[in-house]
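There are 2 protein chains.
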Amino acid sequence: MTEMSDLGLMYKRRQGKVLRRVGGAAEGMLVTHLPDVRYLCGFMGSNGTLVLFRSRALLFTDGRYTAQAETEAVGTRVVTASKPAVVEACEWIEAAGIMCCGFDGTRTTVSELGKMQAALSKKLGARARSGMFVDVGAAVARLREIKDAGEVEVLRRAARVGCELFEHMLGFIEAGMTEMAVAGELEYRARLAGAESMSFETIVASGDRSAMPHGRATDRKIQRRGFLTMDFGVVIDGYASDMTRTVHMGGAPRSKGKGVPGQREVYDSVLEAQEAAISAVLPGVTAGEVDEAARSVLRRDGLDGYFTHSTGHGVGLEIHEGPRLAAKQTQKLEAGMVITIEPGVYLPGEFGVRIEDMVLVTATGAEILTPSTKAWIEL
Amino acid sequence: MTEMSDLGLMYKRRQGKVLRRVGGAAEGMLVTHLPDVRYLCGFMGSNGTLVLFRSRALLFTDGRYTAQAETEAVGTRVVTASKPAVVEACEWIEAAGIMCCGFDGTRTTVSELGKMQAALSKKLGARARSGMFVDVGAAVARLREIKDAGEVEVLRRAARVGCELFEHMLGFIEAGMTEMAVAGELEYRARLAGAESMSFETIVASGDRSAMPHGRATDRKIQRRGFLTMDFGVVIDGYASDMTRTVHMGGAPRSKGKGVPGQREVYDSVLEAQEAAISAVLPGVTAGEVDEAARSVLRRDGLDGYFTHSTGHGVGLEIHEGPRLAAKQTQKLEAGMVITIEPGVYLPGEFGVRIEDMVLVTATGAEILTPSTKAWIEL
Numbered sequence: 041m042t043e044m045s046d047l048g049l050m051y052k053r054r055q056g057k058v059l060r061r062v063g064g065a066a067e068g069m070l071v072t073h074l075p076d077v078r079y080l081c082g083f084m085g086s087n088g089t090l091v092l093f094r095s096r097a098l099l100f101t102d103g104r105y106t107a108q109a110e111t112e113a114v115g116t117r118v119v120t121a122s123k124p125a126v127v128e129a130c131e132w133i134e135a136a137g138i139m140c141c142g143f144d145g146t147r148t149t150v151s152e153l154g155k156m157q158a159a160l161s162k163k164l165g166a167r168a169r170s171g172m173f174v175d176v177g178a179a180v181a182r183l184r185e186i187k188d189a190g191e192v193e194v195l196r197r198a199a200r201v202g203c204e205l206f207e208h209m210l211g212f213i214e215a216g217m218t219e220m221a222v223a224g225e226l227e228y229r230a231r232l233a234g235a236e237s238m239s240f241e242t243i244v245a246s247g248d249r250s251a252m253p254h255g256r257a258t259d260r261k262i263q264r265r266g267f268l269t270m271d272f273g274v275v276i277d278g279y280a281s282d283m284t285r286t287v288h289m290g291g292a293p294r295s296k297g298k299g300v301p302g303q304r305e306v307y308d309s310v311l312e313a314q315e316a317a318i319s320a321v322l323p324g325v326t327a328g329e330v331d332e333a334a335r336s337v338l339r340r341d342g343l344d345g346y347f348t349h350s351t352g353h354g355v356g357l358e359i360h361e362g363p364r365l366a367a368k369q370t371q372k373l374e375a376g377m378v379i380t381i382e383p384g385v386y387l388p389g390e391f392g393v394r395i396e397d398m399v400l401v402t403a404t405g406a407e408i409l410t411p412s413t414k415a416w417i418e419l
Numbered sequence: 041m042t043e044m045s046d047l048g049l050m051y052k053r054r055q056g057k058v059l060r061r062v063g064g065a066a067e068g069m070l071v072t073h074l075p076d077v078r079y080l081c082g083f084m085g086s087n088g089t090l091v092l093f094r095s096r097a098l099l100f101t102d103g104r105y106t107a108q109a110e111t112e113a114v115g116t117r118v119v120t121a122s123k124p125a126v127v128e129a130c131e132w133i134e135a136a137g138i139m140c141c142g143f144d145g146t147r148t149t150v151s152e153l154g155k156m157q158a159a160l161s162k163k164l165g166a167r168a169r170s171g172m173f174v175d176v177g178a179a180v181a182r183l184r185e186i187k188d189a190g191e192v193e194v195l196r197r198a199a200r201v202g203c204e205l206f207e208h209m210l211g212f213i214e215a216g217m218t219e220m221a222v223a224g225e226l227e228y229r230a231r232l233a234g235a236e237s238m239s240f241e242t243i244v245a246s247g248d249r250s251a252m253p254h255g256r257a258t259d260r261k262i263q264r265r266g267f268l269t270m271d272f273g274v275v276i277d278g279y280a281s282d283m284t285r286t287v288h289m290g291g292a293p294r295s296k297g298k299g300v301p302g303q304r305e306v307y308d309s310v311l312e313a314q315e316a317a318i319s320a321v322l323p324g325v326t327a328g329e330v331d332e333a334a335r336s337v338l339r340r341d342g343l344d345g346y347f348t349h350s351t352g353h354g355v356g357l358e359i360h361e362g363p364r365l366a367a368k369q370t371q372k373l374e375a376g377m378v379i380t381i382e383p384g385v386y387l388p389g390e391f392g393v394r395i396e397d398m399v400l401v402t403a404t405g406a407e408i409l410t411p412s413t414k415a416w417i418e419l
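Protein chains in written order, with the numbering used here: chain A, 41 to 419; chain B, 41 to 419.
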């Protein structure tokens, strides 16, 4: 009898859940999306195909990763493939006598599916071959939406590093610096704090560029009197954090002009919308209801037309996971989900404000994982 | 008559080439892979579907990107979609009377293809619907393998920034620093030098970790007497650079032990293999022949069993593009390709060496875009 570590048991549990989820449609599952592979067996390399079948798990990879896979994929048998990993996986599936294997059509390209089918031998017959692979959809992604205690702990740490970086930046930023210098400092400090990488390209958008929801840092110098929006995250132990704060560069905020709302008014409205959405978070509430909680505050203030994106998204091994918090989404929140709440208002050519927290859905509401201040700040 | 800028003409030319390439199989093409969209029309946002049909180009995006798309996508009509962009694109295709539209099966998931087909109206009839979308493969990716003069210029600049960073790091690195501190400094300097982002997660692997081809920076302290491998790249104006150098941390290299080759011998062999591969580069030569040029040097020295990956890959708007320089690849090199040449030797648990340049395939051979020294360096 081999003893299996806690890690191995955790992976077995996750694998079992996937198989139960696809059980009605298929006997096993072929997993190729790398974050799913990592989630289900621990392997972190860039080439791996996982096959789940009854109580067995096999990871197909190549020679570069054999040693790494044997260390990381606790409890999973590692096969070093000489052909493409997915091809050998399909050959194994056929040899094991599987007649119907699930795959994730949201992650498998048309061309990959063609290769999977071509890997089956002619002996099977055209009918058996065309029936072998069944699209079971994003079965693993749905499972990953609910974080277990260990995952929450890592996400909590990643979020905390984000908050510490924001605190540091408040003491660093001065008018006259370029957006890139600000992004560079933030990313350098992230490294020193132990980040493996940033979660996505850091957004530092100043002045009228704050009106661009996805304004990457440029060599623009940060001016007085405008907003500065920073949207960033760090990856710790594979898990991503995500937060946004918008600060004012001082010199008195611009008040209401003809047709343009005042800077302070917009900030207060976005903050109220963001807090209303957080207050709406509760298991059983739909993602659309949380989105509407933010949107209705902005609507009251005549600003909803300038809120041009959704309210948030799940976050974990990937920066964008389910659930999607957007208008009319009927998916219900569940305890253990970790989501962002990030309404924004963007007045084209003028300015923009976005405020974003990462929150954990708990049995009784929301726990904010990024508790940095959201009060109006003038630098 | 509207005048069209040079940029607009360039995009028109590229679009025309794609249509000629797929012409035998389809009347038009639906493009969803974002680097392809950027290449064909200039749009850099994160949601865009491009439709090419006869001399027309339409970009479907959402409200967040309307203004940006109208600025960036010179010569292309921008449509702000209220449904998912790809759905409105398919509706337009049907309304325009197209009967057969190409798509890239290497970039379209099974589930996306399902959505494309579902977007067509029942009026069309089952036969017309199932015949509408034809997999024309990586037509745009194949086109992108050959860089035009403007692209070469940007890649040259990105590669030059990489070389300057390497020079800087030679003066910065000292034994006792962590790998992460080295990666952090490199990335910070990259920002200051104008990089939009890194091309991929920076690899800094010291001591026995240099035996891992993809060893991301860790909090390990860099020791004397071992190797330090740095593999990194920067993105400038959307184009990625890629280079690797391996330096020795001094204190005399370890000489040959029982069963283990000496550090200096391995370095010299990898360098000779890398230069042999560069010398083999010429239009008309196959990718497999270039790979073999490197591999045969290592074979002569009994090290080919430790060269566990391919010799290189194309690089451009994405860090990994065609052609793939691996054993038996029959694709012929062509002038205008920009590729990496990066053989390595990895002795598990001991040490590893990789040396990588980016080179431009010219009419007469190879031009090295990353001319930093490859001589043995002890820090």
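For each residue, glycine too, the CB sits at the ideal point set by N, CA and C.
Source: prediction; values computed, not measured.
Which residues does DSSP list as the beta-bridge partners of residue i?
| i | result |
| --- | --- |
| S237 of chain A | A:V275 |
| S443 of chain B | Residue 443 of chain B lies beyond the residue range present for chain B, which begins at 41 and ends at 419; the question has no answer from this structure. |
| L400 of chain B | B:V378 and B:E407 |
Which residues in the same chain have their Cβ closer than 6 Å to the Cβ of residue i, if we skip the five residues on either side of it in sequence?
| i | result |
| --- | --- |
| G56 of chain A | none |
| A313 of chain A | A334, V337, L338 and P383 |
| A199 of chain B | S281, M398, L409 and T410 |
| L322 of chain A | G405 |
| T146 of chain B | A178 |
By how many angstroms is the C-alpha of residue j removed from the C-alpha of residue i?
| i | j | result |
| --- | --- | --- |
| P293 of chain A | D259 of chain A | 24 Å |
| I318 of chain A | T286 of chain B | 50 Å |
| R169 of chain A | L160 of chain A | 7 Å |
| G362 of chain A | K187 of chain A | 11 Å |
| M50 of chain B | L80 of chain B | 9 Å |
| D282 of chain B | R167 of chain A | 46 Å |
| T42 of chain B | E329 of chain A | Note that T42 of chain B has pLDDT 47, beneath the 50 cutoff, so the model's placement of it is unreliable and the number below is only indicative. Computed Cα separation, rounded: 47 Å. |
| E128 of chain A | D102 of chain A | 11 Å |
| A221 of chain A | A245 of chain A | 12 Å |
| P124 of chain A | N87 of chain A | 9 Å |
| A109 of chain A | G115 of chain A | 11 Å |
| R304 of chain A | V378 of chain A | 30 Å |
| S309 of chain B | D341 of chain B | 7 Å |
| M69 of chain A | G142 of chain B | 30 Å |
| D144 of chain A | A179 of chain A | 7 Å |
| E204 of chain B | R78 of chain A | 36 Å |
| E390 of chain B | V306 of chain B | 12 Å |
| R251 of chain B | T120 of chain A | Just to set this straight, residue 251 of chain B is Ala in the shown sequence, not Arg. Rounded to whole angstroms, A251 of chain B to T120 of chain A spans 18 Å at the Cα level. |
| T89 of chain A | E67 of chain A | 17 Å |
| Y176 of chain B | I133 of chain A | Note on identity: in this sequence residue 176 of chain B is Val, with Tyr being the wrong assignment. Distance between the alpha carbons of V176 of chain B and I133 of chain A: 29 Å. |
The ligand MN and residue i: does any heavy atom of the ligand fall closer than 7 Å to the residue's C-beta?
| i | result |
| --- | --- |
| C203 of chain B | Among the components of this structure there are no ligands whatsoever, and the ligand MN is therefore not found. |
Starting from residue i, find everything on chain B with Cβ-Cβ shorter than 8 Å and list it in chain order.
| i | result |
| --- | --- |
| H349 of chain A | R104 |
| E241 of chain A | E236 and S237 |
| M220 of chain A | R231, L232 and G234 |
Who are the neighbours of residue i on chain A, taking C-beta pairs under 9 Å?
| i | result |
| --- | --- |
| Y228 of chain B | G224, E225, E227, Y228 and R231 |
| M10 of chain B | No answer is possible for residue 10 of chain B: it lies beyond the span of chain B, which begins at 41 and ends at 419. |
| H254 of chain B | G85, S86, R104, Y105 and Q108 |
| G145 of chain B | T149, V150, S151, E152, L153 and G154 |
List, in chain order, every chain B residue whose beta-carbon is nearer than 7 Å to that of residue i.
| i | result |
| --- | --- |
| T148 of chain A | T149 and V150 |
Near residue i, which residues of its chain fall below 7 Å by C-beta distance, leaving aside the five closest residues on each side in sequence?
| i | result |
| --- | --- |
| A215 of chain B | I262, Q263, R264 and M289 |
| E407 of chain A | V399 and L400 |
| D344 of chain A | R335 and L338 |
| A223 of chain A | T242, V244 and A257 |
| Q371 of chain A | T326, A327 and P363 |
| F311 of chain B | Note on residue identity: the sequence assigns Leu, not Phe, to residue 311 of chain B. So the qualifying residues of the chain are I395 and K414. |
Output needed for residue i: all residues of its chain with C-beta closer than 8 Å, excluding positions within five of it in sequence on either side, in chain order.
| i | result |
| --- | --- |
| V194 of chain B | I276, D277, G278 and Y279 |
Run through chain A and tell me which residues come within less than 7 Å of residue i, C-beta to C-beta.
| i | result |
| --- | --- |
| A181 of chain B | Correct list: empty, because the minimum Cβ distance to chain A is about 11 Å. |
| E236 of chain B | R256 |
Under 8 Å between beta-carbons, which chain A residues line up against residue i? List them in chain order, please.
| i | result |
| --- | --- |
| M289 of chain B | What M289 of chain B touches in chain A: nothing, since even the nearest Cβ is about 21 Å away. |
| P388 of chain B | A107 |
Hey, which unbroken runs of the alpha helix (DSSP H) at 4 residues or more fall wholly within the stretch 109–191 of chain A? 125–135, 150–158, 166–172 and 179–184
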